[in-house]
Ligand code: E4P
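In the working numbering, the protein residues as written are 710 to 926.
Have a look at this one:
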């Protein structure tokens with residue numbers, strides 16, 4: 710499973726990309742607002758930091774304007790995935806941009822039939838929002854499992870990008886289902902590295918090693 714980080718904070722992205730485990734980045738208008746930075750400047754900077762796909766979201770709601778926005782965003786760097794909403798105009802734009810060879814991430818997906826439409830429109834990624842479904846007492850991960858089953862019946866190339874991840878168990882469940890990608894907020898991505906038994910075990914090994922009086926280098 711690929712790991713994307715869900716942020717527009719370039720310091721976080723730089724730090725996490727140094728692990729060599731970061732496969733891409735997703736942003737959205739709210740994350741850009743949170744960064745307090747110029748949209749184009751921040752997207753260019755992120756695209757230079759990671760080789761993988763960097764999602765940059767359109768904000769128009771009509772097809773013509775969304776297409777123009779998408780084309781402009783795609784020109785910012787070779788690794789831009791244009792994000793469009795899961796609406797009729799969004800899917801029309803997805804189809805047009807895909808035909809032009811642009812990567813497209815169809816966002817704000819909340820049902821399996823919406824995901825099916827995104828795949829038919831040729832999306833590179835479809836982003837079902839699991840946390841926002843959980844928030845309204847729906848089962849977000851059940852949606853991921855449904856989409857995985859449906860896509861398995863056909864030869865779609867659309868990748869399932871699990872979004873709105875709120876905790877490490879969402880990541881665990883996404884991997885169990887076989888989702889292609891999880892986009893994870895930085896603080897949750899960091900939690901995946903941690904285990905108290907790792908810390909305790911390392912501490913004991915290092916203490917015993919010091920007592921041997923030896924060195925490796
Ligand atoms: C995905 O691309 C979105 O940016 C993101 O995962 C939304 O998550 P939220 O529900 O925590 O805002």
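We put the CB at the ideal spot given by N, CA and C, even for glycine.
* Would you mind stating whether residue 726 and residue 759 have Cβ atoms separated by less than 7 Å? => Taking the first residue of the chain shown as 1, we reach residue 726 at position 17. Taking the first residue of the chain shown as 1, we reach residue 759 at position 50. Yes, the pair counts as a contact, with Cβ atoms nearer than the cut-off.
* Is it a yes or a no for the region 828 to 847 touching the region 802 to 811, going by three-plus beta-carbon pairs under 8 Å? -> Result yes; three or more Cβ-Cβ pairs closer than 8 Å.
* To do: Counting only the same chain and skipping the five closest in sequence on each side, list residues whose C-beta sits under 6 Å from that of residue 660.
  => Because the chain spans 710 through 926 in this model, residue 660 falls outside it and cannot be assessed.
* residue 733, enclosing beta strand (DSSP E) - first and last residue -> Locating residue 733 in the chain shown gives position 24, where the first residue counts as 1. For residue 733, the enclosing beta strand (DSSP E) covers residues 733 to 735.
* Asked: Considering only residues of the region 727 to 787, which uninterrupted alpha helix (DSSP H) runs meet the minimum length of 4 residues and lie entirely inside it, listed in chain order?
  -> Correct list: 738 to 744, 748 to 758, 772 to 783.
* Beta bridge counterpart(s) of residue 878 as assigned by DSSP -> Counted from its first residue, the chain shown places residue 878 at position 169. The partner list for residue 878 (beta bridge, DSSP) is empty, contrary to what the question assumes.
* Which residue's Cα is closest to the Cα of residue 899: 876, 924, 919, 826? -> Mapped onto the chain shown, residue 899 falls at position 190. Nearest to residue 899 by alpha-carbon distance, out of 876, 924, 919, 826, is 876.
* Based on the DSSP output, what are the partners of residue 868 in its beta bridges? -> Residue mapping note: residue 868 aligns to position 159 of the chain shown, counting from 1. Within the DSSP bridge table, the entry for residue 868 names 834 as partners.
* Measuring from the CB of residue 737, is there a heavy atom of the ligand E4P at a distance below 6 Å? -> Stepping through the chain shown from its first residue, residue 737 is reached at position 28. Checking the Cβ of residue 737 against the ligand E4P gives yes.
* Asked: How many whole angstroms separate the CB atoms of residue 765 and residue 792, which I take to be in contact at a CB cut-off of 8 Å?
  -> Taking the chain shown and counting its residues from 1, the one referred to as residue 765 is at position 56. Taking the chain shown and counting its residues from 1, the one referred to as residue 792 is at position 83. About 6 Å; that satisfies the 8 Å criterion.
* Does the ligand E4P have even one heavy atom less than 6 Å from the beta-carbon of residue 849? -> Along the chain shown, read from residue 1 onward, the residue named residue 849 stands at position 140. Of the heavy atoms belonging to the ligand E4P, none sits nearer than 6 Å to the Cβ of residue 849.
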